[in-house]
């Protein structure tokens, strides 16, 4: 049982580090848009101009749709990757885009790089009573 103890400890720390880095700096942000075509930027204009990788759309009945590589076709926003979904622009209440905070990701990465060796050392000391 003790033969693979170090390997298990290392893999446990590595999995925790990878999970923390993957989810550290991504959040959904709602750009300042309106649903009326009279205003400066509408949902359709934003999709056509910015061409985001993925968007999360909330409709009037509070259903949320995740669309990958969305495009505007007629009066609908359509996902062009994966499961093909379309949402009528008139039904959209909220549109959010995925935002990545690079500074936050860098800070968390350095914190984990510094913390992982100390936690590993503490586990080794506790396991082997050095």
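In this note's numbering, the protein residues as written are -8 to 121.
All residues carry an ideal CB built from backbone N, CA and C; glycine is no exception.
Item, Value
"Since residue 74 contacts residue 47 with CB under 8 Å, what's their CB separation in whole angstroms?", "15 Å between Cβ atoms; not a contact."
"When you compare only the Cα positions, how much space is there between residue 36 and residue 54?", "22 Å"
"Just to confirm before moving on: does the CB-CB distance between residue 124 and residue 82 stay below 7 Å?", "Examination of residue 124 is not possible in this model, given that the chain is present from -8 through 121 alone."
"Using DSSP bridges, identify the partner residues of residue 62.", "69"
"Please tell me whether residue 62 and residue 69 are closer than 7 Å, where the distance is taken between their beta carbons.", "yes"
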